[in-house]
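A quick write-up on the structure given underneath.
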Amino acid sequence: MPLDAGSLLGITAMGFHEDPMRPLGECLLDTDLTHLRIIARLWGLELKAGRQREAALELAEKMVAPEVVAEVWEALPPEQRAALQALVEAGGWMPTPAFTRRFGQVRMVGPGRLERERLWEAPLGPAEALWFRGFLFKGFRQGAEGPQEVLFIPPE
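With this note's numbering applied, the sequence shown covers 48 to 203.
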């Protein structure tokens with residue numbers, strides 16, 4: 048089934064996002080203020096809050112509005128939609144190595160470098176573009192051989 052904006056809003060209802068996936072608000076609370084501002088810019092949203100916690104909560108509320116999700120979904124390039132579709136088909140998450148082999152690396156950099164180099168303007172591939180847009184987050188799950196890093200989309 049092809050993914051669309053409505054599907055993004057209904058992922059939780061389809062049973063995705065059991066541990067280790069976390070809700071969007073929780074993910075954004077763990078995101079630095081620079082990245083929150085980038086997410087807001089890429090979603091065409093204005094952030095009024097100037098502190099990280101308040102900005103995360105404000106952004107989480109705005110990002111789940113159906114009309115906002117639909118608008119952002121329509122603006123996504125096909126390769127980013129394909130990456131989201133792959134995650135949905137995999138249950139909402141994939142081991143990081145498997146996902147990045149298909150959709151490119153995600154550079155984990157600090158806020159200073161992110162802002163200075165404006166990395167969101169030239170992402171390495173679909174995975175990194177989705178990371179900058181706040182669609183993709185990192186988590187861990189217990190695998191057969193110990194903790195395993197995964198990339199996931201929040202349930203909202």
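The beta carbon of each residue, even a glycine, is placed where N, CA and C say it ideally should be. None of these values were measured; they are calculated from a predicted model.
Ranked by how close their Cα comes to the Cα of proline 158, the residues Gly72, Pro113 and Thr78 have Thr78 in first place.
Secondary structure note for tryptophan 178: it is in no beta strand (DSSP E), and the uninterrupted alpha helix (DSSP H) holding it is 173 to 180. Per DSSP, glutamine 127 lies in no beta strand (DSSP E); the unbroken alpha helix (DSSP H) holding it starts and ends at 125 to 136. Here alanine 174 is buried: its Cβ has 16 or more other Cβ atoms, across all protein chains shown, within 10 Å. Cβ atoms of arginine 154 and leucine 166 come within 8 Å of each other, at about 6 Å. If you draw a straight line from the Cα of arginine 88 to the Cα of alanine 122, it comes to about 13 Å.
Inter-segment contact for the region 85 to 102 and the region 186 to 198 is absent: fewer than three beta-carbon pairs are separated by less than 8 Å. The region 134 to 146 makes no contact with the region 113 to 122; the number of CB pairs closer than 8 Å stays below 3. One alpha carbon belongs to glutamate 203, the other to lysine 185, and they sit about 16 Å apart. Taking 7 Å as the cut-off, the beta carbon of proline 113 is found no closer than this to the beta carbon of proline 201.
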